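Protein chains in written order, with the working numbering: chain B, 280 to 383; chain H, -6 to 146. Even for Gly, the Cβ is constructed at its ideal location relative to N, Cα and C. If you're wondering where the values come from, they're calculated on a predicted model, not measured in any experiment. Okay, structure first, notes after.
Below you can see the structure in the form of structure tokens.
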């Protein structure tokens, strides 16, 4: 079964954002609100975007990533990318996002 | 339409899809267009390209055209000899300055949640992107791709 919604895990001070199969405007709707809430109550200094389960992404996903990057940067933390397959890498490369976020 | 155009048009196989402007229909729209392409024997990358481009245009129709309010999005697609053309239409607010809207990183939505890369993605993944829009009337984005031409890394 494809993962439909964003899932969150706290690993120490890292917030792992497990992205769904399709990362688009619809699936990213609550990402800002949800992460803001978690960050407010936990000492997060790193966001890890986990693309392990993702097979599709469009520019709405890029917008969501950039927004979280700015938030973490303002807090002095970092944002990294994990588990992206070649299709997702193509989209990320096209967006230029690797210039500000590293893949771990 | 002249008779010549009409005759040429007979060679195209086409489809039309109409749906409500809810964000959950973005995935639905992508899948329908991907299924329509299936008979053209596309590569996985070509299907992904068209799905992404369709997703961008449909998201624009819902977010910008209809401002996330109620409306109807119409997709028309046709295929002929390895060429696919998809047009996405809304009867929303329209675009005042198409040139500005298509600029990389420009977003008509304030708040920093949008990448402003929608049209750039459409242009990167399709061979041609044409935008027709009238303020207060709506927008039609027509995109064309020739299959078997793109070289993928």
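Range covered by the alpha helix (DSSP H) that runs through residue i
i: residue 32/H; result: Unbroken run through residue 32/H: none, as it is neither H nor E.
i: residue 138/H; result: Note, residue 138/H: premise wrong, no alpha helix (DSSP H); beta strand (DSSP E) at 131 to 139.
i: residue 53/H; result: 37 to 53
i: residue 113/H; result: 111 to 118
i: residue 306/B; result: Segment: none, residue 306/B is in no alpha helix (DSSP H) and carries neither H nor E.
i: residue 366/B; result: 365 to 374
i: residue 345/B; result: 338 to 353
Contact check, residue i vs residue j, beta carbons under 8 Å
i: residue 87/H; j: residue 129/H; result: yes
i: residue 334/B; j: residue 366/B; result: yes
i: residue 14/H; j: residue 66/H; result: yes
i: residue 68/H; j: residue 22/H; result: yes
i: residue 303/B; j: residue 20/H; result: yes
i: residue 30/H; j: residue 75/H; result: no
i: residue 71/H; j: residue 5/H; result: yes
i: residue 100/H; j: residue 134/H; result: no
i: residue 49/H; j: residue 140/H; result: no
i: residue 353/B; j: residue 307/B; result: no
i: residue 358/B; j: residue 318/B; result: no
i: residue 125/H; j: residue 136/H; result: no
i: residue 83/H; j: residue 58/H; result: yes
Residue i burial status per 10 Å Cβ neighbour count (16 or more: buried)
i: residue 280/B; result: exposed
i: residue 331/B; result: exposed
i: residue 320/B; result: exposed
i: residue 53/H; result: buried
i: residue 112/H; result: buried
i: residue 132/H; result: buried
i: residue 379/B; result: exposed
i: residue 11/H; result: exposed
i: residue 377/B; result: exposed
i: residue 93/H; result: exposed
i: residue 298/B; result: buried
i: residue 7/H; result: exposed
Contact test: residue i Cβ vs the ligand COA heavy atom, cutoff 7 Å
i: residue 88/H; result: Among the components modelled here there is no ligand, and therefore nothing to report on the ligand COA.
For residue i, the first and last residue of its enclosing beta strand (DSSP E)
i: residue 90/H; result: Careful: residue 90/H lies outside any beta strand (DSSP E) and carries neither H nor E.
i: residue 82/H; result: 76 to 83
i: residue 290/B; result: 286 to 290
i: residue 326/B; result: 325 to 329
i: residue 71/H; result: 65 to 73
i: residue 56/H; result: Element bounds for residue 56/H: n/a, residue is neither H nor E.
i: residue 9/H; result: 6 to 13
i: residue 127/H; result: 121 to 127
Whole-angstrom C-beta distance between residue j and residue i, which should lie under 8 Å
i: residue 55/H; j: residue 108/H; result: Not really, about 16 Å apart at Cβ, beyond 8 Å.
i: residue 362/B; j: residue 329/B; result: 5 Å
i: residue 322/B; j: residue 347/B; result: Going by Cβ atoms, the distance from residue 322/B to residue 347/B rounds to 16 Å, so no, they are not a contact pair.
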